[in-house]
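S.K.:
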Amino acid sequence: MNPQRFVNDVVKPWDELNALLSQRYAFQPDLSDVTRLAGTLAVAIKHQADLAGYADRSAIDAASLDNKLMSDVGDFWKHGPLRDSGRNNSLSVSAMFEYDPGRGFRFLRNGLFIQHATLGEHDFMHASLAAVRYWLTTQRIALSWSGAVAEGPAEFHPSAFLQYDPKYCILMSSTRVRFFARSEGGDLVPADPPEGRIEIY
């Protein structure tokens, strides 16, 4: 495996997708630059097994659930419904907001979620990050890289608002939103705000 190619084909695209998802954009859930970039990234991660010289990727899938997810996402992205229907999956984007009764709404990020026929729902950015780290570790690639899922600024507003930009999404007929609140321990948990406005500009 060539370390420079790994950085160019996998790490850099991950960073670019991560940066885009941290922006307050409204996306069609299943069709945008986000899903295109994610599909391409999943394919690149899948093919690291070939580049590392593995004739059979079953050992990789057994050792790393995240790499198995990327393999399934990449294959479905390229080919559509797969012969093994248990590997089928879809990608969708949901804007994620933190809600605080006294402060309003904070844009966290756009979440990209894998809906897998047998493995359930997974956050694409967390799964792909773990898959990338697997290859960095097993191939002993020394890289000074933060590799952290980015969030928007820590600013609260009266409404949950997003911006539509046709540069990143050629068509938008709907968008999805998920709300979260801080638990007593400080963790984000799903929430259903009693009131609030969702605005798209």
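Letter by letter, the sequence shown follows residues -16 to 184 of the working numbering.
Built from N, CA and C at the ideal position, the CB exists for glycine as well.
#1: Take V132 and list the residues in its own chain whose beta-carbon comes closer than 6 Å to its own, dropping the five residues that flank it on each side.
#2: With the cut-off set at 8 Å, would you say Y8 and Y151 are in Cβ contact?
#3: Between the stretch 22 to 33 and the stretch 42 to 58, can you find at least three pairs of beta-carbon atoms closer than 8 Å?
#4: Could you give the residue range of the alpha helix (DSSP H) that holds R116?
#5: Measure from the alpha carbon of L52 to the alpha carbon of each residue in A114, I153, D16 and G135, then state which is nearest.
#6: Since A125 and G179 should fall inside the 8 Å C-beta cutoff, what is the C-beta to C-beta distance between them, to a whole number of angstroms?
#7: What does DSSP give as the partner residues of M79 in its beta bridges?
#8: Within 10 Å of its beta-carbon, does Y117 have 16 or more other beta-carbons around it, so buried, or fewer, so exposed?
#9: So, are the CB atoms of F96 and S111 less than 8 Å apart?
#10: Measuring CA to CA, which of R(-12), L4, F10 and S127 is closest to Y184?
#11: Where DSSP assigns a beta bridge to P173, which residues make up the other side?
#12: Below 8 Å on the Cβ atoms is my contact criterion, and I expect V172 with S166 to pass it. Report the Cβ-Cβ distance as a whole number of Å.
#13: Could you tell me the boundaries of the alpha helix (DSSP H) in which L0 lies?
#14: Between the C-alpha atoms of S68 and L102, what's the straight-line distance to the nearest angstrom?
#15: Measuring only the C-alpha atoms, how far is M155 from S73?
M.R.: On the basis of the data shown:
#1: Locating residue 132 in the sequence shown gives position 149, where the first residue counts as 1. Only M108 meet the Cβ criterion.
#2: Indexing the sequence shown from 1 puts residue 8 at position 25. Indexing the sequence shown from 1 puts residue 151 at position 168. Yes, the Cβ-Cβ distance between Y8 and Y151 is below 8 Å.
#3: Yes: at least three Cβ pairs fall under 8 Å.
#4: Residue 116 sits at position 133 when you count from the first residue of the sequence shown. Annotation for R116: the continuous alpha helix (DSSP H) segment containing it runs F107 to T121.
#5: Taking the sequence shown and counting its residues from 1, the one referred to as residue 52 is at position 69. Among A114, I153, D16 and G135, the Cα nearest to that of L52 is on A114.
#6: Looking up residue 125 in the sequence shown gives position 142. Looking up residue 179 in the sequence shown gives position 196. Actually they are not in contact, since the Cβ atoms of A125 and G179 sit about 46 Å apart, beyond 8 Å.
#7: Position 96 of the sequence shown, counting from 1, holds the residue named residue 79. Looking at the DSSP assignment, M79 forms a beta bridge with R92 and R161.
#8: Indexing the sequence shown from 1 puts residue 117 at position 134. So Y117 ends up on the buried side.
#9: As a first step, residue 96 must be located in the sequence shown, where it is residue number 113. As a first step, residue 111 must be located in the sequence shown, where it is residue number 128. It is not a contact, given that the beta carbons lie outside the stated cut-off.
#10: Here the question's residue 184 lines up with position 201 in the sequence shown. The residue with the shortest Cα to Cα distance from Y184 is F10.
#11: As a position in the sequence shown, residue 173 is number 190, starting the count at 1. Paired residue(s): F163.
#12: Counting from one through the sequence shown, the residue named residue 172 turns up at place 189. Counting from one through the sequence shown, the residue named residue 166 turns up at place 183. That pair is a contact at about 5 Å.
#13: Residue numbering aside, residue 0 sits at position 17 when the sequence shown is read from its first letter. Following the DSSP letters along the chain, one finds L0 inside the alpha helix (DSSP H) bounded by residues K(-5) to L4.
#14: Here residue 68 corresponds to residue number 85 of the sequence shown, with the count starting at 1. Here residue 102 corresponds to residue number 119 of the sequence shown, with the count starting at 1. Going by the C-alpha atoms only, they are around 12 Å apart.
#15: Residue mapping note: residue 155 aligns to position 172 of the sequence shown, counting from 1. Residue mapping note: residue 73 aligns to position 90 of the sequence shown, counting from 1. C-alpha separation (whole angstroms): 18 Å.
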